[in-house]
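> Just so we're aligned: the sequence shown equals residues -18 to 56 in my numbering. Quick one: the structure is below, and I'll ask about it shortly.
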Amino acid sequence: MLCNYTAKYLKISSGYMGQLVEWPEIVTEGKNLEECREMLRDALNEMIIAYHQQGKEIPIFYKNLLLDLTSINHG
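Right under this line is the structure:
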């Protein structure tokens, strides 16, 4: 079954850090955005295999997820 997960990326001094919104325990880093994406896909695949082996339920993706950017002046 094909499932879509939402990734968020943060620029850091060593490149990029990526994390899945639906499965926040999956976090990776890469020297560039493409490497970070690939590492995140690999980590997701490995986590799914581990969860299957342990009989754990895979976190579901949000079919109707809406992400929004909200701004606030805190200065």
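For each residue, glycine too, the CB sits at the ideal point set by N, CA and C.
Would E10 pass as a contact of M(-2) if the rule is Cβ separation under 8 Å?
Cβ atoms of E10 and M(-2): closer than 8 Å.
> So within the segment 7 to 45, which uninterrupted beta strand (DSSP E) runs reach at least 3 residues, ignoring any that extend past its ends?
For the segment 7 to 45, whole beta strand (DSSP E) runs of length 3 or above, ordered along the chain, are 8 to 11.
> So for Y(-3), helix, strand or coil by DSSP?
Three-state result, Y(-3): strand.
> Does DSSP put L(-9) in a helix, in a strand, or in coil?
Strand.
> When you compare only the Cα positions, how much space is there between A31 and I7?
Looking at the two C-alpha atoms, the distance is approximately 12 Å.
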